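**Student:** A single structure is presented below for examination.
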C-alpha cells in the first residue's frame, strides 16, 4: 500500500457556482424507476454494481474491468444473446435503447504522463460515439470516485484524480452534457480522500457496499429527467456478458458464452496488461464439491494473486 505525499485537497476544487447549468443539483428522490431507465457504463466499479452487489442488473449496466475512457469508442466488450462477437459500448447503447446513460470512467486513465486535457478530449470522443449511435440518449458523466489515503497502485494519485474531475466538468459544460458530482458524498471533507469504509481495505480503490449505498442515494436525489423523445423501442437483446481488459481479484470475470464468430478488437495501448495465468492444478474432488487454485502472475503494473475456485457438484446428493 502506498501514500501520496504533498496532496492539497483544495488545489483543484470545483467551483460549483461556475457550472450551475452543468452540475446536477439536489432533486426529489427519483426512485427505482429512474435507475431502471438508466444504463450505467464504466470500469470495475460499475462491474461490481451487478457482478458482486445488487444495485444494477445486466439489463441496465455494462462494466469492463480495467477499461479506460479512451477505449470507450473502440473496445468491443459487450456480449448479447443472438449476436456473434462483442459490441462496443456505443453499439450496446443503440441496442439497449436507454433513456439516459451515466458513465463512470477515469481511474484506469490516471497516469503521470497523461494530461487532464488529453483525458477529457479522448473521453469526449467516446461519448460522441454514443450520441452518434443513439442520438436520443441523455448523457450524464459521473465524477471519478476518490481513492483511499492508502492504496495499492503508486501510479494513481488523488491530486491527478481531482484534476481529471475538474476537466470533466469543463468538458460537460462545453458539450451540453450533465455532470454528476458524486465525489462530494464519497470523499472525506477533511482529507479529500475517500471516506472511511468507502473503499476496499485490500486495495484502497474499489468502492464498498457502503459507498454504493451512498452513491445510489446521491444518483436518485440528483436526477436528470427530460422529455422522453426516444423513437418507438424495438426488442432489446439480452445482455449476457462482458469482456474485461484485465482481471482483478475484487471482481470475478463474467463467464462468457462461446460466440459463433468473434472478432478480435484492436489492442488498447493504455489498458493494463492482462496477467497470464499459470496452468491450474488438477481440480481436487471432495464429496459434493470440486475446488482448485488459479495463480495469476504479477505484471509491471499489477500485483499477482490467487483465485480459489469452489464449484458445487451438480450430481451431489
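In this note's numbering, the protein residues as written are 1292 to 1608.
Quick reminder that beta carbons are idealized off the backbone N, C-alpha and C, glycines included.
Treat the numbers as computed from the prediction; the structure is a model and nothing was measured.
Check for me: the alpha helix (DSSP H) holding residue 1347 runs from which residue to which?
**Tutor:** Counting along the chain, residue 1347 falls outside any alpha helix (DSSP H), and DSSP gives it neither H nor E.
**Student:** Alpha helix (DSSP H) containing residue 1506: first to last residue?
**Tutor:** If you look at residue 1506, you'll find it in the alpha helix (DSSP H) that goes 1500-1511.
**Student:** Excluding sequence positions up to five away, which residues of its chain have a Cβ less than 8 Å from the Cβ of residue 1442?
**Tutor:** 1292, 1293, 1490, 1494, 1495, 1496
**Student:** Look up residue 1308 in the DSSP assignment and say whether it is helix, strand or coil.
**Tutor:** helix
**Student:** Assign residue 1449 to one of two classes, buried (16 or more other C-beta atoms within 10 Å of its C-beta) or exposed (fewer than that).
**Tutor:** Buried.
**Student:** From residue 1478 to residue 1410, what does the alpha carbon distance come to, in whole angstroms?
**Tutor:** 22 Å
**Student:** State the Cα-Cα distance for the pair residue 1297 and residue 1455, rounded to the nearest angstrom.
**Tutor:** Spanning the two alpha carbons is a distance of roughly 18 Å.
**Student:** Which residue comes first and which comes last in the beta strand (DSSP E) that contains residue 1384?
**Tutor:** Following the DSSP letters along the chain, one finds residue 1384 in no beta strand (DSSP E) but inside the alpha helix (DSSP H) bounded by residues 1380-1387.
**Student:** Express the C-alpha separation of residue 1527 and residue 1386 in angstroms, rounding to a whole number.
**Tutor:** 6 Å
**Student:** Of the residues 1422, 1404, 1464, which one's Cα is nearest the Cα of residue 1451?
**Tutor:** 1404
**Student:** Who are the Cβ neighbours of residue 1383 in its own chain at under 7 Å, not counting the five residues just before and after it?
**Tutor:** Contacts found: 1353, 1369.
**Student:** Touching or not, the segment 1350-1366 and the segment 1517-1534, by the rule of three or more beta carbon pairs under 8 Å?
**Tutor:** yes
**Student:** Considering only their Cβ atoms, is the gap separating residue 1379 from residue 1334 smaller than 8 Å?
**Tutor:** It is not a contact, given that the beta carbons lie outside the stated cut-off.
**Student:** For residue 1322, report the span of its alpha helix (DSSP H) as first-last.
**Tutor:** 1322-1327
**Student:** Between 1487, 1480, 1348, which lies nearest to residue 1329 when the distance is taken from Cα to Cα?
**Tutor:** Of the candidates 1487, 1480, 1348, the one whose C-alpha sits nearest the C-alpha of residue 1329 is 1348.
**Student:** I need the straight-line Cα distance from residue 1402 to residue 1446, nearest angstrom please.
**Tutor:** 6 Å
**Student:** Tell me, please, whether the segment 1310-1327 touches the segment 1464-1482 by the rule of three or more beta-carbon pairs shorter than 8 Å.
**Tutor:** yes
**Student:** In chain order, which continuous runs of the beta strand (DSSP E) of length 3 or greater are located wholly inside the segment 1447-1501?
**Tutor:** 1469-1471
**Student:** Can you give the Cα-Cα distance for residue 1439 and residue 1522, rounded to whole angstroms?
**Tutor:** Spanning the alpha carbons of residue 1439 and residue 1522 requires a straight line of approximately 43 Å.
**Student:** With distances taken Cα to Cα, identify the nearest neighbour of residue 1364 among 1324, 1394, 1418.
**Tutor:** 1418
**Student:** Please tell me whether residue 1367 and residue 1414 are closer than 8 Å, where the distance is taken between their beta carbons.
**Tutor:** no
**Student:** Whose C-beta lies closer than 8 Å to the C-beta of residue 1512 among residues of the same chain, with five residues either side of it excluded?
**Tutor:** Once the five neighbours on either side are set aside, the close Cβ partners of residue 1512 are 1317, 1318, 1319, 1320, 1321.
**Student:** Mind checking whether residue 1480 and residue 1357 have CB atoms under 8 Å apart?
**Tutor:** no
**Student:** Which stretch, first to last residue, makes up the beta strand (DSSP E) that contains residue 1275?
**Tutor:** This structure leaves residue 1275 out entirely; the chain is present only between 1292 and 1608.
**Student:** Considering residue 1527, what are the terminal residues of the alpha helix (DSSP H) in which it resides?
**Tutor:** Segment: none, residue 1527 is in no alpha helix (DSSP H) and carries neither H nor E.
**Student:** Of the choices 1464, 1435, 1426, whose alpha-carbon is the least far from that of residue 1396?
**Tutor:** Of the candidates 1464, 1435, 1426, the one whose C-alpha sits nearest the C-alpha of residue 1396 is 1435.
**Student:** Taking residue 1425 as the reference, give the member of 1505, 1444, 1388, 1516 with the closest Cα.
**Tutor:** 1388
**Student:** So, using beta-carbon positions, are residue 1407 and residue 1437 closer together than 8 Å?
**Tutor:** no
**Student:** Thinking C-alpha only, which one of 1306, 1307, 1301, 1325 is nearest residue 1519?
**Tutor:** 1325
**Student:** Within 10 angstroms of the Cβ of residue 1430, are there 16 or more other Cβ atoms? Answer buried if so, exposed if not.
**Tutor:** buried
**Student:** Can you tell me where the alpha helix (DSSP H) with residue 1422 in it begins and where it stops?
**Tutor:** 1407-1424
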